[in-house]
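Residue numbers (the UniProt record's numbering): 1 to 182. The beta-carbon is built from N, C-alpha and C at its ideal position, and this holds for glycine as well. Beneath this line is the structure, given in structure tokens, with notes to follow.
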Amino acid sequence: MNPKISDFGMARIFGVSEDHANTQRIVGTYGYMAPEYAMQGVFSDKSDVFSFGVLLIEIVCGRRNSSFYEHENSLTLLGFAWTQWREGNIVCLIEPEIYDHNHHKEILRCIHIGLLCVQESAIDRPTMATVISMLNSEIMEIPPARQPAFLLMQNMMNTVCSEERNEVYSNNAVSITDLHGR
Numbered sequence: 001m002n003p004k005i006s007d008f009g010m011a012r013i014f015g016v017s018e019d020h021a022n023t024q025r026i027v028g029t030y031g032y033m034a035p036e037y038a039m040q041g042v043f044s045d046k047s048d049v050f051s052f053g054v055l056l057i058e059i060v061c062g063r064r065n066s067s068f069y070e071h072e073n074s075l076t077l078l079g080f081a082w083t084q085w086r087e088g089n090i091v092c093l094i095e096p097e098i099y100d101h102n103h104h105k106e107i108l109r110c111i112h113i114g115l116l117c118v119q120e121s122a123i124d125r126p127t128m129a130t131v132i133s134m135l136n137s138e139i140m141e142i143p144p145a146r147q148p149a150f151l152l153m154q155n156m157m158n159t160v161c162s163e164e165r166n167e168v169y170s171n172n173a174v175s176i177t178d179l180h181g182r
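Set out below in structure tokens:
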């Protein structure tokens with residue numbers, strides 16, 4: 001299995017035999033991009049894992065990361081999921097329409113795997129092959145998750161703002177003269 005970056009044309013600059021690369025042009029949707037890519041332009045197959053983890057958490061929670069905002073603590077969906085996971089309030093994370101007490105273990109496993117995928121450090125994230133194995137096996141042991149990236153909305157917005165500050169802008173002026181005969 002060779003996952004490739006395919007968000008907004010990235011597949012064009014990610015060579016067939018490459019497993020990581022660097023870019024100066026950051027493209028994609030903030031909140032779904034891995035932190036190392038969003039902040040430094042470094043991407044790898046672990047960047048795909050991060051995005052998959054965000055999607056997995058969104059599906060189980062029934063909420064979108066891009067529009068979630070927990071006002072009291074300024075948490076992103078990932079921050080909210082991490083806080084609830086650490087406090088043992090896991091049931092409040094689960095979308096009521098998909099919650100089935102008979103599948104409680106499987107749902108918890110999906111949340112756990114999602115949190116592994118969105119860990120801040122790319123080195124700590126599993127490979128996609130490992131993610132698939134963990135999802136398909138009930139007996140495969142899952143390591144504890146570490147803190148995810150972008151816990152606070154402010155951190156995510158600072159990344160967006162710093163990227164915007166690094167772009168070069170020009171202020172061109174145009175004057176138009178319209179001549180009329182007498």
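Around the Cβ of residue i, are there at least 16 other Cβ atoms within 10 angstroms (buried) or fewer (exposed)?
i    : result
N65  : buried
C92  : exposed
G62  : exposed
P35  : buried
E58  : buried
V118 : buried
P126 : buried
G31  : buried
I94  : buried
P96  : exposed
S137 : exposed
S47  : buried
T159 : Bear in mind that the predicted position of T159 carries a pLDDT of just 45, short of 50, making it too unreliable to give a figure here.
So residue i packs on residue j, CB below 8 Å; how close in whole Å?
i    : j   : result
F150 : L78 : 6 Å
Give a yes or no on whether the minimum CB-CB distance between residue i and chain D is below 9 Å.
i    : result
P144 : The question asks about chain D, but that chain is absent: this structure has only one protein chain.
Sort the options by Cα distance to residue i and report the nearest one.
i    : options                  : result
V131 : S121, E106 and G114      : G114
S67  : V118, T76 and L135       : T76
L116 : A81, G88 and I94         : A81
H112 : I123, P96, A122 and P148 : P148
D124 : R146, S137, E138 and W85 : R146
V49  : S121, G88, P144 and I139 : S121
V60  : S133, C110 and T127      : C110
P144 : M39, W85 and Y37         : W85
Mind checking which residues open and close the beta strand (DSSP E) that includes residue i?
i   : result
F43 : V42 to S44
I need the boundaries of the alpha helix (DSSP H) containing residue i, first residue and last residue.
i    : result
F80  : L77 to E87
L116 : H104 to C117
M134 : M128 to N136
With a threshold of 8 Å, are at least 3 pairs of Cβ atoms found where one atom belongs to the stretch 42 to 57 and the other to the stretch 94 to 106?
Result no; under three Cβ-Cβ pairs closer than 8 Å.
Are three or more beta carbon pairs between the stretch 105 to 113 and the stretch 43 to 50 nearer than 8 Å?
The stretch 105 to 113 makes no contact with the stretch 43 to 50; the number of CB pairs closer than 8 Å stays below 3.
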